[in-house]
Amino acid sequence: MKFDVYEAWQPEWKSAIDRIDSKLADVYFLPEWYITWENYEHSVAKCIVAEEDDYLFVYPFLMRSIEGFDIATECFDIQSAYGYGGVLTNSLSVPQHLTEKFNHKVTDWLTENNVIAEFVREHPLLDHCRRDAQYVLARKNIYIEASRNYRIPELKNHQNVSKFRRDAKLKVVIDDRLDGMDEFVRLYHLNANRIGMSKYYFFSEEYFNLIKNLLKDHARLINIYYENKLTHSLIYLFYGNKASLHLAGADHSLFKFNLSAVSFFESVLYSAELGMETVNIGGGLTADEQDSLYRFKKNFSSNIKDVFIGKKVINQLVYDSLVRQWEEKYPHLKDRYRNFFLKYRQTE
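Everything in the sequence shown is counted per the numbering used here, starting at 42 for the first residue and increasing by one.
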């Protein structure tokens with residue numbers, strides 16, 4: 042099996058993605074996407090590209106040095122970038138023996154490069170070839186079929202959106218140059234503060250600038266104005282036949298109603314215009330079916346997909362030592378992060 046590892050600046054990563062039918066890939070696997078996360082995650086973006094018998098495997102990840110602990114040699118862990126990840130292939134029917142061979146080769150490479158743990162954010166629509174990890178349900182996502190004739194199935198939200206769209210004071214603008222990114226960031230932080238998001242989600246200005254500069258071909262801002270004032274904005278991502286709603290911001294002091302329903306509806310219409318087939322509006326904050334955000338989003342579609350995360354310990358001895366040291370160093374965080382796989386990364 043031909044087996045290579047590339048960094049994001051090397052053209053072979055993007056070339057490998059381009060060899061895969063766009064319906065079998067997504068924006069979350071592009072080197073440009075990974076570059077936006079490198080500094081924020083204090084990591085180096087890498088991508089394994091392997092091939093045998095015309096079957097192609099592409100596996101991107103962020104590789105991070107583990108610091109602040111008593112370990113004999115420098116060690117690393119790897120994880121998918123924020124969003125979704127896993128292994129891409131150019132076929133929906135890769136022979137099992139080749140998948141197993143690929144997984145063995147990956148694990149061998151991780152072992153040789155002192156990687157002690159691997160965390161996979163599995164893509165719900167592209168999970169036909171998985172790493173040989175332990176998978177657990179993280180949450181459920183809602184997907185809407187992109188159609189110019191889309192009708193919100195739940196009556197109340199259908200009526201509210203219809204009412205808002207008839208209001209001459211409300212205007213929806215697609216920003217295809219991302220010129221309004223600064224205003225989006227302002228609204229995003231307003232909303233993040235309002236709902237009490239954790240510090241991790243207060244992404245840096247650099248992160249948003251990288252999206253603007255690197256992902257222009259795959260990102261838009263969907264902006265909603267009321268009385269000529271920007272009240273709601275979201276980052277819309279698209280690739281191949283798939284669209285996703287990435288992050289959203291809102292200024293609730295300008296408009297007391299939740300305009301998420303309008304943004305969902307407009308994203309579906311815009312997706313149909315672009316030729317997309319499906320729109321991922323995400324899910325709840327947990328796997329609980331009573332999660333309020335999940336229940337709200339279920340009003341817009343009955344197409345629900347499970348979202349799994351994969352966990353694989355490469356070096357059990359070192360991993361266990363890191364967890365023990367972390368628990369001794371941060372005893373007050375032990376309960377809060379008890380279900381986190383890479384918990385030793387948490388410091389507050």
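A virtual CB, placed ideally from N, CA and C, is assigned to each residue, including glycine.
(request) Verify whether the separation of the beta carbon atoms of Tyr277 and Ser308 is less than 8 Å. (result) The residue given as residue 277 occupies position 236 in the sequence shown. The residue given as residue 308 occupies position 267 in the sequence shown. It is a contact, given that the beta carbons lie within the stated cut-off.
(request) Spell out a yes or no on whether the segment 279-289 and the segment 300-317 are touching, meaning 3 or more CB-CB pairs, one atom from each, closer than 8 Å. (result) Judged by Cβ distances under 8 Å, the segment 279-289 makes contact with the segment 300-317, as three or more pairs qualify.
(request) Starting from Asp347, follow the beta strand (DSSP E) in both directions and report where the run begins and ends. (result) Along the sequence shown, read from residue 1 onward, the residue named residue 347 stands at position 306. Start and end: 344-354.
(message) What does the alpha-carbon distance come out to for the pair Arg386 and Arg105?
(response) Numbered from its first residue, the sequence shown carries residue 386 at position 345. Numbered from its first residue, the sequence shown carries residue 105 at position 64. The C-alpha of Arg105 is placed about 10 Å away from the C-alpha of Arg386.
(message) I'd like the span of the beta strand (DSSP E) that includes His287, first residue to last.
(response) Walking along the sequence shown from the start, residue 287 turns up at place 246. Note, His287: beta strand (DSSP E), 283-291.
(request) Could you spell out the range, first to last residue, of the alpha helix (DSSP H) harbouring Ser294? (result) Position 253 of the sequence shown holds residue 294. Counting along the chain, Ser294 falls outside any alpha helix (DSSP H), and DSSP gives it neither H nor E.
(message) Please return the same chain residues whose Cβ sits closer than 6 Å to the Cβ of His169, not counting the five positions on each side in sequence.
(response) For the purposes of this step, residue 169 is taken as residue 128 along the sequence shown, with counting starting at 1. Answer for His169: Leu133, listed in chain order.
(message) For Val226, report the span of its alpha helix (DSSP H) as first-last.
(response) Residue 226 sits at position 185 when you count from the first residue of the sequence shown. Counting along the chain, Val226 sits inside the alpha helix (DSSP H) bounded by residues 222-236.
(request) Could you give the DSSP three-state label for Pro136: helix, strand or coil? (result) Counted from its first residue, the sequence shown places residue 136 at position 95. Residue state, collapsed to three classes: coil.
(request) Classify Gln390 as helix, strand or coil using the three-state DSSP reduction. (result) Given a span of 42 to 389 for the chain in the structure shown, any question on residue 390 remains unanswerable.
(request) Using the Cα positions of Leu196 and Tyr229, report the straight-line distance between them to the nearest angstrom. (result) Counted from its first residue, the sequence shown places residue 196 at position 155. Counted from its first residue, the sequence shown places residue 229 at position 188. Straight-line measurement puts the Cα of Tyr229 at about 29 Å from the Cα of Leu196.
(request) Go ahead and pull the three-state DSSP assignment for Phe244. (result) Residue 244 sits at position 203 when you count from the first residue of the sequence shown. Coil.
(request) Look up Glu163 in the DSSP assignment and give the residues it is bridged to. (result) Here residue 163 refers to the residue found at position 122 when the sequence shown is read from its first residue. Gly126, per the DSSP bridge assignment.
(message) Below 8 Å, how does it come out for the segment 57-69 and the segment 89-98: are there three or more Cβ pairs, yes or no?
(response) When C-beta atoms of the segment 57-69 are compared with those of the segment 89-98, three or more pairs fall below 8 Å, so the two segments count as touching.
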